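Colleague: All you need for the numbering used here is the position in the sequence shown, starting with 1, plus 1079.
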Amino acid sequence: MTAIQDTPGAAGAVGLQAAFDAALANDERIEPRDWMPDKYRATLIRQIAQHAHSEIIGMQPEANWITRAPSLRRKAILMAKVQDEAGHGLYLYSAAETLGVSRDELLDKLHTGRQKYSSIFNYPTLTWADVGAIGWLVDGAAITNQVPLCRCSYGPYARAMVRVCKEESFHQRQGFESLLALSRGTEAQHAMAQDAVDRWWWPSLMMFGPPDADSTHSAQSMAWNIKRHSNDELRRRFVDICVPQAEALGLTLPDPDLRWNEERGHYDFGAIDWDEFNEVLRGNGPCNEQRLANRRRAHDEGAWVREAAFAYASKHMEAKG
Ligand code: BYC
């Protein structure tokens, strides 16, 4: 959208707001140089930063298995997947930077616990099957949540999501394939796959955020076309997708209340343990401390790389005059 360039005095604050509202009503994209309300900007920074942090913290649980992957092929696939997650983090930090914040500032907020990352990455990866379960369930939940974000009203975020979703779809399929191989393997392998699904199912449902009634940001984010569906809508969609896939895998989902509701045309499912979710958000999940400590250490150990890249870029700038 170019109609509402931020040129103070041109149309006055009222005119700028009206142009912004009209752009949303016409389902147009808002671009970095366009005028936008401060709260819209702040909401995007909050969500994109949390998303970027999730991508880079999300590398840890899977990276835990790179050295112990059961074959060279599985190791190569896993390394590529973990690298993809780093790439997603970079696209997202870049998208956040277009809103006027620096990457340093956002990383500092992550490292000091002032910005969140997804609850899901505070659970441990205990067996090799967890890598498959993350691909199938966690990447599956991520796609369900992120495909609608490809139509988010903020252009740079929407465009980043297109590429992220393509890569996440591939991740989801490789996770499914890996889990299928285990499920069809020996009795012990099948049991390991089932145990992983039992442990990852409920935390995956929590990824969609609190129930709609407790979601502080949903109504405003939906009015701004940032979120296109509510947390509960997307969670229901995810359950509907997973049930037949679990059957195809020959695995069960750990919910005795899961059954098809003919009238609603959706699966009913059991109550989510929101106390557990809130505890994880408060920093008391099984791996919160470890994840943040690893992240801070990686950042400190990478200081020389950032310094070298900066020195190299400065030299180039000087050479160009
Ligand atoms: N974990 O009003 P609500 C990935 C917070 S990356 C932690 O509903 P909103 C992947 C929320 O931030 C997955 N916190 O919020 C990576 C808010 O707190 P603040 C990440 C959560 O923003 C590597 C409060 O609870 N995906 O998939 O309207 C490998 C109230 O919530 C969570 C994204 O970030 C949670 N699960 O809706 C594999 C997608 N849920 O900020 C895979 C983009 C809620 O007020 N983000 N909170 O302190 C979104 O779509 C939305 O931000 C959410 C939450 C649906 C997550």
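Note that the Cβ used here is the ideal one computed from N, Cα and C, for glycine as well. Here the structure is a predicted model, which is why all the values come from computation and not from measurement.
Take residue 1081 and list the residues in its own chain whose beta-carbon comes closer than 6 Å to its own, dropping the five residues that flank it on each side.
Modeller: Here residue 1081 scores only 47 on pLDDT, less than 50, and its place in the model is too uncertain to base an answer on.
Colleague: What alpha helix (DSSP H) runs, 4 residues minimum, are completely inside the region 1125-1184?
Modeller: The qualifying runs are 1138-1142, 1151-1176.
Colleague: What are the partner residues of residue 1340, as DSSP defines its beta bridges?
Modeller: DSSP lists 1345 as partners of residue 1340.
Colleague: Compute the minimum distance between the beta carbon of residue 1286 and the heavy atoms of ligand 1, and state whether it is under 7 Å.
Modeller: Because some heavy atom of ligand 1 lies under 7 Å away, the Cβ of residue 1286 counts as near it: yes.
Colleague: Consult DSSP for residue 1351 and reduce its assignment to one of helix, strand or coil.
Modeller: In this structure, residue 1351 counts as coil in the three-state DSSP scheme.
Colleague: Please confirm whether any heavy atom of ligand 2 lies closer than 7 Å to the CB of residue 1373.
Modeller: Only ligand 1 can be found as ligands here, which leaves ligand 2 out of the picture.
Colleague: Are the beta-carbon atoms of residue 1140 and residue 1213 separated by less than 8 Å?
Modeller: In this structure, residue 1213 lies closer than 8 Å to residue 1140 by Cβ.
Colleague: Considering only residues of the region 1228-1290, which uninterrupted beta strand (DSSP E) runs meet the minimum length of 3 residues and lie entirely inside it, listed in chain order?
Modeller: For the region 1228-1290, not a single whole beta strand (DSSP E) run of length 3 or above is found.
Colleague: Does DSSP put residue 1305 in a helix, a strand or coil?
Modeller: Here residue 1305 sits in coil by DSSP.
Colleague: Tell me whether the beta-carbon of residue 1315 lies closer than 8 Å to the beta-carbon of residue 1269.
Modeller: Cβ atoms of residue 1315 and residue 1269: not closer than 8 Å.
Colleague: Given 7 Å as the limit, tell me if residue 1365 has its C-beta closer than that to any heavy atom belonging to ligand 1.
Modeller: Residue 1365: no, Cβ never under 7 Å from ligand 1.
Colleague: Can you tell me whether DSSP reads residue 1106 as helix, strand or coil?
Modeller: Residue 1106: coil per DSSP, three-state reduction.
Colleague: Taking only the alpha-carbon atoms, compute the straight-line gap between residue 1094 and residue 1117 and give it to the nearest angstrom.
Modeller: Spanning the two alpha carbons is a distance of roughly 15 Å.
Colleague: Three Cβ pairs or more, each shorter than 8 Å: is that satisfied between the region 1169-1184 and the region 1238-1249?
Modeller: As far as the Cβ criterion goes, the region 1169-1184 touches the region 1238-1249, which means the pair count is three or higher.
Colleague: Touching or not, the region 1347-1354 and the region 1183-1196, by the rule of three or more beta carbon pairs under 8 Å?
Modeller: Flag = no, the region 1347-1354 and the region 1183-1196 do not touch.
Colleague: Quick one: residues in its chain with C-beta nearer than 6 Å to the C-beta of residue 1170, no 5 flanking neighbours on either side, listed in chain order?
Modeller: Cβ neighbours of residue 1170 beyond the five flanking positions: 1239.
Colleague: Quick check: is any heavy atom of ligand 1 less than 7 Å from the C-beta of residue 1267?
Modeller: Because no heavy atom of ligand 1 lies under 7 Å away, the Cβ of residue 1267 does not count as near it: no.
Colleague: Count the other CB atoms, across all protein chains shown, that sit within 10 Å of the CB of residue 1204; report buried if there are 16 or more and exposed otherwise.
Modeller: Burial call: buried.
Colleague: For residue 1286, which residues in the same chain have their Cβ closer than 8 Å to its Cβ, ignoring the five residues on either side in sequence?
Modeller: Excluding positions up to five away in sequence, the list reads 1197, 1198, 1199, 1217, 1220, 1221, 1224.
Colleague: Under 8 Å Cβ to Cβ from residue 1337, same chain only, skipping five residues before and after it: list those, please.
Modeller: Counting only Cβ-Cβ distances below 8 Å, and skipping sequence neighbours, we find 1318, 1322, 1346, 1347, 1348, 1349.
Colleague: Buried or exposed: residue 1384, going by 16 or more other Cβ atoms within 10 Å of its Cβ?
Modeller: Looking at its Cβ environment, which holds fewer than 16 other Cβ atoms inside 10 Å, residue 1384 is exposed.
Colleague: DSSP state of residue 1321, grouped into three classes?
Modeller: Reduced to three states, the DSSP call for residue 1321 is helix.
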